[in-house]
Structures are given as structure tokens and as C-alpha cells.
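Reviewing the structure listed below.
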Amino acid sequence: MKPFGSYLADLYGDRVFMLGFAAQGGTTRGRPEPRIIEAAAPGSLETFTGPIARDGAILLDAAALSKAGTRSGGLFSYLPIVEDWSQLFDGVVIFDRQVAAGDIRTGNTPK
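Anchor point for the sequence shown: position 56 equals 63 in our numbering, and the numbering is continuous, going up by one each time.
Here it is as C-alpha cells:
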């Protein structure tokens, strides 16, 4: 079985752009309560460019990912793994923090 992105690349060639998302900390939706995303470790992909302004984000493009090299990152289930992220993504958006989605049935938004 090929990775999903390979099928897209076969169909669309250079028009495919793999974009990843990460955060330097925060919360994500869990059941029944939001789950804490631990603060990004020093030296990780999330901290590669240094602190991000509150409620801010940065884009690591292909050149920045290549420069970052092989390092820890939490792009998959927020669990740190060591990868050369330039081999997996064309770009990565890193937020200073992520906030878990609220419950649309009750309107409750996690703090």
C-alpha cells in the first residue's frame, strides 16, 4: 500500500502541496475533556524559529524545513517523533498555541 500523498502526486504532480500543522503548546479536543498539548521541547521543530507572538503563527516553507534538518516534532497526534520534516511536508504552519474546539451542542469553549 502506498502512502496517500503518493496517489495525489500521481494524479496532480507538482500541484500537490503537503501542509502540516503544529503548535508550541495548548489543548486539543479529547473525550470527555480537552487534552493538554505539552509545551514544545527546546530544539524541536516547533521551537526552531524561537518564540511565536501570542495568537501568532509562522510558516516554515520548504527551504526552512530543509534547514531545520532532522529533529523532534509533534505533527502526528502531538507525540514527539524525530524526522526530517522536509521529506514529509512542503510547508508547516506552527501556532504559538492551539485551543481545543468547543462543544457545538452546548457552546462550551475550553479555556
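The C-beta atom is built at its ideal place from N, Cα and C for all residues, glycine as well.
Give the C-beta separation of residue i and residue j to the nearest angstrom, bearing in mind that I take them to be a contact with Cβ-Cβ under 8 Å.
i: residue 44; j: residue 60; result: About 18 Å; that fails the 8 Å criterion.
i: residue 27; j: residue 82; result: 5 Å
Assign residue i to buried or exposed, taking buried as 16 or more other Cβ atoms, counted over all protein chains shown, within 10 Å of its Cβ.
i: residue 51; result: buried
i: residue 11; result: exposed
i: residue 80; result: buried
i: residue 24; result: exposed
i: residue 129; result: For the chain, the structure presents residues 8 to 118; residue 129 sits outside this window and is missing.
i: residue 33; result: buried
Whole angstroms is fine: what's the gap from residue i's alpha carbon to residue j's?
i: residue 49; j: residue 94; result: 22 Å
i: residue 70; j: residue 109; result: 35 Å
i: residue 40; j: residue 47; result: 21 Å
i: residue 189; j: residue 36; result: The chain is shown only over 8 to 118; residue 189 falls outside these bounds and no answer can be derived.
i: residue 20; j: residue 57; result: 34 Å
i: residue 89; j: residue 96; result: 14 Å
i: residue 102; j: residue 72; result: 16 Å
On a CA-only basis, which of the options is nearest residue i? Give me that one, please.
i: residue 76; options: 91, 100, 13, 63; result: 91
i: residue 99; options: 89, 107, 105, 53; result: 53
i: residue 84; options: 13, 42, 15; result: 42
i: residue 63; options: 14, 105, 16; result: 105
Using a C-beta cutoff of 8 Å, does residue i count as contacting chain B?
i: residue 49; result: The structure shown contains no chain B, having only a single protein chain.
Helix, strand or coil: which one does DSSP assign to residue i?
i: residue 105; result: strand
i: residue 79; result: strand
i: residue 90; result: strand
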